[in-house]
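Residue numbers (our numbering): 66 to 296. Only one structure is covered here, and it is reproduced in the block below.
The following block contains the structure:
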């Protein structure tokens, strides 16, 4: 491995450590209470979905019909939770079951509180590869650094902010990464097809996790239309 590669990967690891560290800073005020807590109101809505999936199965809020009616909300009729977007609670429920299977003793709320910091750091890793494909390793490192310290993204991926922006940003970045690779003319047909399938999966995850995803669908259609016109 060359010196350049060692420096690049060392810088990337440092950026990821910084990204995670600044996102868990609120922990210094949470630990004395004995458990980590969620912030704001929407994260508790997402937590209720996650808790339902952990206790009764991933599809329990949606199936069988008419789905889960949460009678603790919108009393006395209750709220139809089957209309909720599933990406975030399903991701959290699956990961929680995985860590529980391996013997990690953590309560669900603490897990959901720290998950935004983990996923936010993962998003910084994804955007590194997006930037690397577009302009080289230097662009990738700066992209990761800017996202790691972006105030708007930092607010939405800090400890306790368990909300739909997390699967939204990750799904968006994964879609961009795989979509751009799928239309790369230097790749083989089989490689392009695999990245196309990956892009489709990432876009589906994006749509099922964040309501603003439809704007990205429209932009993608417009982008493809322009590519066709330019050929």
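C-beta atoms are modelled at their ideal positions from N, C-alpha and C, and glycine is treated no differently.
Residues of its chain near residue 221, where Cβ-Cβ distance is below 6 Å and the 5 sequence neighbours each way are ignored: If we look at residue 221 and ignore the five residues flanking it on each side, its Cβ neighbours are 230.
Beta strand (DSSP E) runs wholly inside the region 131–191, at least 3 long, in chain order: Fully enclosed beta strand (DSSP E) runs of 3 or longer: not present.
Local conformation of residue 281 per DSSP, three classes: Of the three classes helix, strand and coil, the one that applies to residue 281 here is helix, per DSSP.
The region 244–257 / the region 207–216 touching (three or more Cβ pairs under 8 Å): The answer is no - the region 207–216 does not touch the region 244–257, with fewer than three Cβ pairs under 8 Å.
Contacts around residue 193, its chain only, beta-carbon distance under 7 Å, and the 5 residues preceding and following it disregarded: Taking residue 193 as the centre and dropping the five residues before and after it, the same chain places the C-beta of 77, 205, 206, 208, 209 closer than 7 Å to its C-beta, in chain order.
Boundaries (first-last residue) of the alpha helix (DSSP H) holding residue 202: Residue 202 -> alpha helix (DSSP H) spans 202–213.
Selection from 119, 290, 140 that minimises the alpha carbon distance to residue 176: Residue 176 has its Cα closest to that of 119, out of 119, 290, 140.
Residue 116 in three-state terms, based on DSSP: Of the three classes helix, strand and coil, the one that applies to residue 116 here is helix, per DSSP.
Residue 251 beta carbon less than 9 Å from that of residue 73: The answer is no: Cβ separation not under 9 Å.
Residue 88 burial status per 10 Å Cβ neighbour count (16 or more: buried): Buried, by the Cβ-count rule.
Within-9 Å CB hit, residue 224 to chain D: Checking the listed chains, one finds no chain D in this structure; it contains a single protein chain.
Same chain, Cβ closer than 7 Å to residue 114, neighbours up to 5 away in sequence not counted: Answer for residue 114: 126, 146, 149, 154, listed in chain order.
Sequence-distant residues of its chain with Cβ nearer than 6 Å to residue 186 (five each side left out): 81, 84, 85, listed in sequence order.
Residue burial classification, residue 200 (beta-carbon count within 10 angstroms, cutoff 16): Exposed is the label assigned to residue 200, since fewer than 16 other Cβ atoms lie within 10 Å of its Cβ.
Inter-residue Cα distance where the pair is residue 224 and residue 254: Each residue's alpha carbon lies about 42 Å from the other.
Reduced DSSP category for residue 105 - H, G, I as helix; E, B as strand; rest coil: DSSP places residue 105 in coil when its eight states are reduced to three.
Coil, strand or helix - residue 199 by DSSP: Here residue 199 sits in helix by DSSP.
Pairwise C-alpha distance: residue 277 and residue 172: Going by the C-alpha atoms only, they are around 31 Å apart.
Selected residue, minimal CA-CA separation from residue 116, among 141, 156, 195, 212: If we check each option's Cα against that of residue 116, 156 comes out closest.
Supposed close pair residue 123, residue 178 - CB separation, criterion 8 Å: The pair is not a contact, with the Cβ atoms about 21 Å apart (cut-off 8 Å).
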